[in-house]
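K.L.:
Structure incoming, see below.
Residue numbers (UniProt numbering): 1 to 363.
Put into structure tokens, the structure is as follows:
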């Protein structure tokens, strides 16, 4: 039975047996050898800079000096508007891995329960929600217990993936930079086939579009083993993350320093829709900075459940002995997929979890 204030949820596209025998003598250590997750930022704090401020100032000085010298600057793809040919297959792999990942998660989630806090949005993967008191949302209980309930596509399009639902105009001739100004010959001398409104879908936004998950139904029709689906989903997760890293090495991606807004392109947009800390001082504009892979595909970290056969929830007093994993990785791990060694330090498998009575004896 689900505990009070807990409600089971179904998966949405936003996510993504150890023996009970204990040796006679065992030494517990409170010193963790694992990797700690980044601290949760407060509302008034800004995201850490990927590139230092001094390095950004140095690059800005060099750009000003180049603009003052009135000479032509050779731009390389994608700065000149052309595609990076060697990254076009990577963009297709990322887009296919994303569709494969959503399909695998939707199938695995039918057999493994997923929970989400109705106050702070924290997630949990497993049949028994944990009792760890980490709820800091507005309206949370005094004991901080949870009340459980139920950007990548744009980067792939700019990388070379053509999607009929999102028509894109590709540049044929490169752009030039002279004295800091971009010279666009296609804008001055447009081609005859570039008629305005040619690729606009007139059916309206209410027309039902094909879900990327639906395209994988035929391929998974004969797959009965849940473990095989989990393994394929874990591989798709790794392919998508590594492909995003390769695309971001060439294509610029920016994120707001105070809110989760992400912009794929050489510069951030000027839409004044930021509602984060002190947005009045910026007149609603975003504080753009360099983005990371976690900004474009943010992992939702959940507590790692070691013993899947046990129905006992994770308790708050032993939280320092528990590890954490991205929700997608934890979901596939509980379905039988092998977790990559990159997450070994986060799982804390090398730390023995004592009983509540033994916790006082831990060194």
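From the three backbone atoms N, C-alpha and C, an ideal C-beta is built for every residue, glycine too.
Report the option in 273, 321 and 338 whose CA atom is closest to the CA atom of residue 358.
P.N.:
To locate residue 358, count along the chain shown from 1; it is residue 358. With distances taken between Cα atoms, residue 358 lies closest to 321.
K.L.:
If I measure Cβ to Cβ from residue 267 and keep anything under 6 Å in the same chain, skipping five residues before and after, which residues do I get?
P.N.:
What you label residue 267 is simply residue 267 of the chain shown in a count that begins at 1. Nothing meets the Cβ criterion.
K.L.:
Residues in its own chain within less than 7 Å of residue 22 by CB, not counting five upstream and five downstream?
P.N.:
Locating residue 22 in the chain shown gives position 22, where the first residue counts as 1. Residue placement at residue 22 cannot be trusted, given a pLDDT of 37 that sits under 50; the coordinates are not used to answer.
K.L.:
Quick check on DSSP: helix, strand or coil for residue 286?
P.N.:
Taking the first residue of the chain shown as 1, we reach residue 286 at position 286. Residue 286: coil per DSSP, three-state reduction.
K.L.:
Please report the distance separating the alpha-carbon of residue 329 from that of residue 234.
P.N.:
As a position in the chain shown, residue 329 is number 329, starting the count at 1. As a position in the chain shown, residue 234 is number 234, starting the count at 1. Computed Cα separation, rounded: 7 Å.
K.L.:
Assign residue 242 to one of three DSSP states: helix, strand, or coil.
P.N.:
Indexing the chain shown from 1 puts residue 242 at position 242. Helix at residue 242.
K.L.:
Give the C-beta separation of residue 372 and residue 176 to the nearest angstrom, bearing in mind that I take them to be a contact with Cβ-Cβ under 8 Å.
P.N.:
The question about residue 372 has no answer here: the residues shown for the chain are numbered 1 through 363.
K.L.:
Would you mind giving the Cβ-Cβ distance between residue 130 and residue 313, rounded to the nearest angstrom? I have them listed as a contact below 8 Å.
P.N.:
Walking along the chain shown from the start, residue 130 turns up at place 130. Walking along the chain shown from the start, residue 313 turns up at place 313. Contact flag correct, Cβ pair sits at about 5 Å.
K.L.:
Going by the CB atoms, is the gap between residue 161 and residue 241 shorter than 9 Å?
P.N.:
Residue 241 sits at position 241 when you count from the first residue of the chain shown. Residue 161 sits at position 161 when you count from the first residue of the chain shown. No. Outside cutoff.
K.L.:
In the DSSP assignment, the alpha helix (DSSP H) including residue 89 goes from what residue to what residue?
P.N.:
Walking along the chain shown from the start, residue 89 turns up at place 89. Annotation: the continuous alpha helix (DSSP H) that includes residue 89 extends over 88-108.
K.L.:
Terminal residues of the continuous beta strand (DSSP E) containing residue 259?
P.N.:
In the chain shown, the residue the question calls residue 259 occupies position 259. That residue, residue 259, is in no beta strand (DSSP E); it is neither H nor E in DSSP.
K.L.:
Below 9 Å between beta carbons: does that hold for residue 47 and residue 257?
P.N.:
The sequence position of residue 47 within the chain shown is 47, counting from 1. The sequence position of residue 257 within the chain shown is 257, counting from 1. In this structure, residue 257 lies closer than 9 Å to residue 47 by Cβ.
K.L.:
What first and last residue would you give for the beta strand (DSSP E) that runs through residue 393?
P.N.:
In the structure as shown, the chain starts at 1 and stops at 363, and residue 393 therefore has no counterpart that could be examined.
K.L.:
Rounding to the nearest angstrom, what Cα-Cα distance links residue 59 and residue 53 in this structure?
P.N.:
Residue numbering aside, residue 59 sits at position 59 when the chain shown is read from its first letter. Residue numbering aside, residue 53 sits at position 53 when the chain shown is read from its first letter. The straight-line gap separating the alpha-carbon atoms of residue 59 and residue 53 is approximately 10 Å.
K.L.:
Does the distance from the CB of residue 239 to the CB of residue 159 come in under 9 Å?
P.N.:
On the chain shown, position 239 is the one that residue 239 refers to. On the chain shown, position 159 is the one that residue 159 refers to. Against a cut-off of 9 Å, the Cβ pair of residue 159 and residue 239 comes out as no contact.
K.L.:
Taking just the CA atoms, how far does residue 327 sit from residue 63?
P.N.:
Numbered from 1 along the chain shown, position 63 holds the residue referred to as residue 63. Numbered from 1 along the chain shown, position 327 holds the residue referred to as residue 327. Those two C-alpha atoms are separated by around 42 Å.
K.L.:
Mind checking residue 343: buried by the 16 CB within 10 Å criterion, or exposed?
P.N.:
Here residue 343 corresponds to residue number 343 of the chain shown, with the count starting at 1. With 16 or more other Cβ atoms within 10 Å, it is buried.
K.L.:
Under 7 Å Cβ to Cβ from residue 285, same chain only, skipping five residues before and after it: list those, please.
P.N.:
In the chain shown, counting from the first residue as 1, residue 285 sits at position 285. Excluding five sequence positions before and after residue 285, the CB atoms of its chain that fall closer than 7 Å to its own CB belong to 270, 272 and 274, given in chain order.
K.L.:
Going by DSSP, which residues form a beta bridge with residue 254?
P.N.:
Within the chain shown, residue 254 is the residue found at index 254, counting from 1. Bridge partners of residue 254: 263 and 290.
K.L.:
Out of 70, 57, 80 and 127, which has the shortest C-alpha to C-alpha gap to residue 250?
P.N.:
For the purposes of this step, residue 250 is identified with residue 250 of the chain shown, where counting begins at 1. Among 70, 57, 80 and 127, the Cα nearest to that of residue 250 is on 80.
K.L.:
List the residues that DSSP assigns as beta-bridge partners of residue 326.
P.N.:
Within the chain shown, numbered from 1, the residue matching residue 326 stands at position 326. Its beta-bridge partners are 301.
K.L.:
What first and last residue would you give for the alpha helix (DSSP H) that runs through residue 123?
P.N.:
Start at 1 with the first residue of the chain shown, and residue 123 comes out as number 123. Where residue 123 is concerned, there is no enclosing alpha helix (DSSP H), although the beta strand (DSSP E) it sits in stretches over 123-125.
K.L.:
So, are the CB atoms of residue 231 and residue 337 less than 9 Å apart?
P.N.:
Within the chain shown, residue 231 is the residue found at index 231, counting from 1. Within the chain shown, residue 337 is the residue found at index 337, counting from 1. Contact flag set, yes.
K.L.:
Just to confirm before moving on: does the CB-CB distance between residue 101 and residue 310 stay below 9 Å?
P.N.:
As a position in the chain shown, residue 101 is number 101, starting the count at 1. As a position in the chain shown, residue 310 is number 310, starting the count at 1. Cβ atoms of residue 101 and residue 310: not closer than 9 Å.
K.L.:
What three-state label does DSSP hand residue 356 in the structure shown?
P.N.:
The count along the chain shown starts at 1 and reaches residue 356 at position 356. Coil at residue 356, not helix or strand.
K.L.:
Just the C-alpha distance for residue 222 and residue 244, rounded to the nearest angstrom, thanks.
P.N.:
Working through the chain shown from its first residue, we reach residue 222 at position 222. Working through the chain shown from its first residue, we reach residue 244 at position 244. At residue 222, the pLDDT of 38 sits below 50, so the modelled position is not reliable and the matter cannot be decided from this model.
K.L.:
Within its chain, find whatever has a CB closer than 7 Å to the CB of residue 340; leave out the 5 residues flanking it on each side and keep chain order.
P.N.:
On the chain shown, residue 340 is found 340 positions in, with the first residue counted as 1. Result list for residue 340: 238, in chain order.
K.L.:
Enumerate in chain order the residues of its own chain whose CB-to-CB distance from residue 182 is below 6 Å, with the five nearest sequence positions on each side excluded.
P.N.:
Mapped onto the chain shown, residue 182 falls at position 182. Hits under 6 Å: 175.
K.L.:
Mind checking residue 332: buried by the 16 CB within 10 Å criterion, or exposed?
P.N.:
Here residue 332 refers to the residue found at position 332 of the chain shown. Buried, since its Cβ has 16 or more Cβ neighbours within 10 Å.
K.L.:
Look at residue 229 and residue 104 and say whether their C-beta atoms are less than 9 Å apart.
P.N.:
Along the chain shown, read from residue 1 onward, the residue named residue 229 stands at position 229. Along the chain shown, read from residue 1 onward, the residue named residue 104 stands at position 104. Yes, they are a contact pair.
K.L.:
Buried or exposed, going by whether 16 or more other CB atoms sit within 10 Å of the CB of residue 51?
P.N.:
Looking up residue 51 in the chain shown gives position 51. Residue 51 comes out exposed.
K.L.:
Could you spell out the range, first to last residue, of the beta strand (DSSP E) harbouring residue 178?
P.N.:
Within the chain shown, the letter at position 178 stands for residue 178. Residue 178 -> beta strand (DSSP E) spans 176-178.
K.L.:
Taking the continuous beta strand (DSSP E) assigned at residue 182, which residues delimit it?
P.N.:
If you number the chain shown from 1, residue 182 lands on position 182. First-last of the beta strand (DSSP E) with residue 182: 181-183.
K.L.:
When you compare only the Cα positions, how much space is there between residue 68 and residue 178?
P.N.:
Counted from its first residue, the chain shown places residue 68 at position 68. Counted from its first residue, the chain shown places residue 178 at position 178. Going from the Cα of residue 68 to the Cα of residue 178 covers about 10 Å.
K.L.:
Can you give the Cα-Cα distance for residue 173 and residue 247, rounded to whole angstroms?
P.N.:
Taking the first residue of the chain shown as 1, we reach residue 173 at position 173. Taking the first residue of the chain shown as 1, we reach residue 247 at position 247. In this structure, the CA atom of residue 173 is about 22 Å from the CA atom of residue 247.
K.L.:
Distance, Cα to Cα, residue 304 vs residue 97?
P.N.:
Taking the chain shown and counting its residues from 1, the one referred to as residue 304 is at position 304. Taking the chain shown and counting its residues from 1, the one referred to as residue 97 is at position 97. The straight-line gap from Cα to Cα measures roughly 24 Å.
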